[in-house]
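Going down the list, the protein sequences come from chains A and B. The C-terminal position of the first sequence is numbered 425 in our numbering, with every residue numbered one higher than the one before it. The C-terminal position of the second sequence is numbered 425 in our numbering, with every residue numbered one higher than the one before it. We treat Cβ as the ideally placed atom computed from N, Cα and C, and that holds for glycine. Below: one structure, written as structure tokens.
Protein chains: 2
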Amino acid sequence: MTERGLRERKKADTRAALAAATLRLAIELGWENVTVEAVAAAADVSYRTFFNHFSAKEEALLFPAGTDQPRLSARLRAQPAGTGVLAAARAALHADLTELESDAAALRDRITVVAGNPSLLPRLVEIGAADEREVAVAIAERTGQNAETDLYPGLLAAVLSAAVRVTFSRWHVQRGAVPLTALLDEALDALAAGLPEPTH
Amino acid sequence: MTERGLRERKKADTRAALAAATLRLAIELGWENVTVEAVAAAADVSYRTFFNHFSAKEEALLFPAGTDQPRLSARLRAQPAGTGVLAAARAALHADLTELESDAAALRDRITVVAGNPSLLPRLVEIGAADEREVAVAIAERTGQNAETDLYPGLLAAVLSAAVRVTFSRWHVQRGAVPLTALLDEALDALAAGLPEPTH
DNA sequence: GAGCAAGCTTGCACGGTGTGCAGCGAGCGG
DNA sequence: CCGCTCGCTGCACACCGTGCAAGCTTGCTC
Numbered sequence: 226m227t228e229r230g231l232r233e234r235k236k237a238d239t240r241a242a243l244a245a246a247t248l249r250l251a252i253e254l255g256w257e258n259v260t261v262e263a264v265a266a267a268a269d270v271s272y273r274t275f276f277n278h279f280s281a282k283e284e285a286l287l288f289p290a291g292t293d294q295p296r297l298s299a300r301l302r303a304q305p306a307g308t309g310v311l312a313a314a315r316a317a318l319h320a321d322l323t324e325l326e327s328d329a330a331a332l333r334d335r336i337t338v339v340a341g342n343p344s345l346l347p348r349l350v351e352i353g354a355a356d357e358r359e360v361a362v363a364i365a366e367r368t369g370q371n372a373e374t375d376l377y378p379g380l381l382a383a384v385l386s387a388a389v390r391v392t393f394s395r396w397h398v399q400r401g402a403v404p405l406t407a408l409l410d411e412a413l414d415a416l417a418a419g420l421p422e423p424t425h
Numbered sequence: 226m227t228e229r230g231l232r233e234r235k236k237a238d239t240r241a242a243l244a245a246a247t248l249r250l251a252i253e254l255g256w257e258n259v260t261v262e263a264v265a266a267a268a269d270v271s272y273r274t275f276f277n278h279f280s281a282k283e284e285a286l287l288f289p290a291g292t293d294q295p296r297l298s299a300r301l302r303a304q305p306a307g308t309g310v311l312a313a314a315r316a317a318l319h320a321d322l323t324e325l326e327s328d329a330a331a332l333r334d335r336i337t338v339v340a341g342n343p344s345l346l347p348r349l350v351e352i353g354a355a356d357e358r359e360v361a362v363a364i365a366e367r368t369g370q371n372a373e374t375d376l377y378p379g380l381l382a383a384v385l386s387a388a389v390r391v392t393f394s395r396w397h398v399q400r401g402a403v404p405l406t407a408l409l410d411e412a413l414d415a416l417a418a419g420l421p422e423p424t425h
């Protein structure tokens, strides 16, 4: 399907090799000691070629598959029209997280690197922000509101991002003992309940 | 109080001059066309001196006053012990936003620059993230929980960040017609209500 | 007030990132 | 088989951010 010739296969190979080398070196040396030059050498391509595949070093670590894969906004739009926004969002997020968890080892490595280098977290949000805006639009479509001026779409989109972030963090702390979707549900339930102060 | 000598005053002056020059050039030329060299020249100091005051270009734009000013986590801890977490958080955020809105013109310019350059948003979150973690700890203290393992502190801290982000965005869209605190209250009320789907 | 310590400013050099451009070579289609 | 496409490569360049070693002003002390 996705391999329409030797050319595209080779291209995908070098991209995957670069992403893998980036992740491996980040784990071995620490993110701040990873240079594009070393990554390119490890993947047996030239320095310049790295930037033909990724616009920045962080992209190789965080988005190895490229940005054209099914994103959250697309998944949200794919939910049946009858369901409410919150239920649709939950379903879309489940699909997203399930796919991510399919190669849990790589995901854990990535989160480890990010957790050790807070400067990466923003970058993660950066590209996610583009999607977050689309999510807001998708929410607005579902509620018949304006994504720009109305409060709800933007707020819900931002809060969902926050919930996902927290979910990743907890999943990492617990070393993947509990599935991502279960942790996400906890967060979404707490949100739906209005974040009541827990009785300790 | 804060001026304990000519030396410190001069230092604060150059820092302020650098921050002002950064903001002015960003508005005039666009953020991507602002170089540290030009900012330093506009402030009549050397290139190297810029980095004696700011660790990065973004810091001059987003944190002109320095990171040692009262931050949200400190304000949250300053709230009376009896009040609930949500009320305390609301009060702390009010104090924060009120102070920011005091020089509304500069704030609007800053948000304009950020809105035009999404790559800045992450950086904004980055330094804010350090505070967000402290906020989570402060919340945990108040609820008698563990900031690392329990869901609530991290989730609430992340959601508050999201609410603030959305508030800034709406304030900017409305050109400051409504006070920041009023917009924030809208967001917090929607959150406390469990984000019910609005009846359009 | 003379001198000494502290610290802000400056210039220089360096490693790293990300981009534009031009040429080369391998895959692909007629 | 031939030309076109397109990924790979090397080169040059602008910019960022840092370490270091000076200078010079400030402030403190005697």
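Per DSSP, what kind of secondary structure is residue i in: helix, strand or coil?
i, result
"N277 of chain A", "helix"
"L297 of chain B", "helix"
"G369 of chain A", "coil"
"R229 of chain A", "coil"
"D269 of chain B", "coil"
"T260 of chain B", "coil"
"L420 of chain B", "coil"
"A402 of chain B", "coil"
"G341 of chain B", "helix"
"A303 of chain A", "helix"
"A331 of chain B", "helix"
"A290 of chain A", "coil"
Could you give the C-beta distance for residue i and residue j, rounded to a whole number, given that I count them as a contact under 8 Å?
i, j, result
"L286 of chain A", "L248 of chain A", "6 Å"
"V398 of chain B", "A412 of chain B", "So it is not a contact: roughly 14 Å between Cβ atoms."
"L376 of chain A", "R395 of chain B", "7 Å"
"E359 of chain A", "S298 of chain A", "4 Å"
"E357 of chain A", "A388 of chain A", "Incorrect: roughly 12 Å between the Cβ atoms, too far for contact."
"T274 of chain A", "A265 of chain A", "6 Å"
"L419 of chain A", "A245 of chain B", "The sequence given here has Gly at residue 419 of chain A, not Leu. About 42 Å; that fails the 8 Å criterion."
"L385 of chain A", "A313 of chain A", "The pair is not a contact, with the Cβ atoms about 11 Å apart (cut-off 8 Å)."
"E283 of chain B", "L380 of chain B", "Rounded, the Cβ-Cβ distance is 27 Å, inconsistent with contact."
"P378 of chain B", "A402 of chain B", "Actually they are not in contact, since the Cβ atoms of P378 of chain B and A402 of chain B sit about 34 Å apart, beyond 8 Å."
If you follow the alpha helix (DSSP H) that residue i is in, where does it begin and where does it stop?
i, result
"F256 of chain B", "According to the sequence shown, residue 256 of chain B is Trp rather than Phe. Counting along the chain, W256 of chain B falls outside any alpha helix (DSSP H), and DSSP gives it neither H nor E."
"A313 of chain B", "V310 to E326"
"R390 of chain B", "L376 to V398"
"D410 of chain B", "L405 to A417"
"E283 of chain B", "K282 to L287"
Among the options, whose alpha-carbon lies nearest the alpha-carbon of residue i?
i, options, result
"V259 of chain A", "A:N342, A:A317, A:R296 and A:Q304", "A:N342"
"A267 of chain A", "A:L243, A:A363 and A:A387", "A:L243"
"A365 of chain A", "A:R400, A:L311, A:I252 and A:E257", "A:L311"
"A340 of chain A", "A:S280, A:P404 and A:W256", "A:W256"
"R400 of chain A", "A:A329, A:A417, A:R348 and A:N371", "A:A329"
"L409 of chain B", "B:Q370, B:L318, B:A418 and B:I252", "B:L318"
"K235 of chain A", "A:E253, A:I252, A:E262 and A:H278", "A:H278"
"L405 of chain B", "B:A263, B:A303, B:D321 and B:G369", "B:D321"
"T323 of chain B", "B:T239, B:P378 and B:R300", "B:R300"
"Q331 of chain B", "B:L250, B:Y272 and B:A363", "The identity of residue 331 of chain B in the sequence shown is Ala, whereas the question assumes Gln. When each option's Cα is compared against that of A331 of chain B, the closest is B:L250."
"T239 of chain B", "B:F276, B:R367 and B:E253", "B:F276"
"R335 of chain B", "B:D414, B:A313 and B:F393", "B:F393"
"A241 of chain A", "A:A290, A:V270, A:L254 and A:L231", "A:A290"
"G369 of chain B", "A:T424, A:D269 and A:K282", "A:T424"
"S280 of chain B", "B:A415, B:L381, B:G230 and B:R348", "B:R348"
"Q440 of chain A", "A:L380, A:T337, A:A363 and A:A407", "Absent from the model: residue 440 of chain A. The displayed extent of chain A is 226 to 425, so no value can be given."
"A306 of chain B", "B:L381, B:E253 and B:R367", "B:R367"
"T337 of chain B", "B:A415, B:L231, B:L254 and B:Y272", "B:L254"
For the ligand PLP, I want to know if residue i counts as a neighbour, meaning its beta carbon is within less than 6 Å of at least one of the ligand's heavy atoms.
i, result
"E283 of chain A", "The ligand PLP is not part of this structure, which contains no ligands at all."
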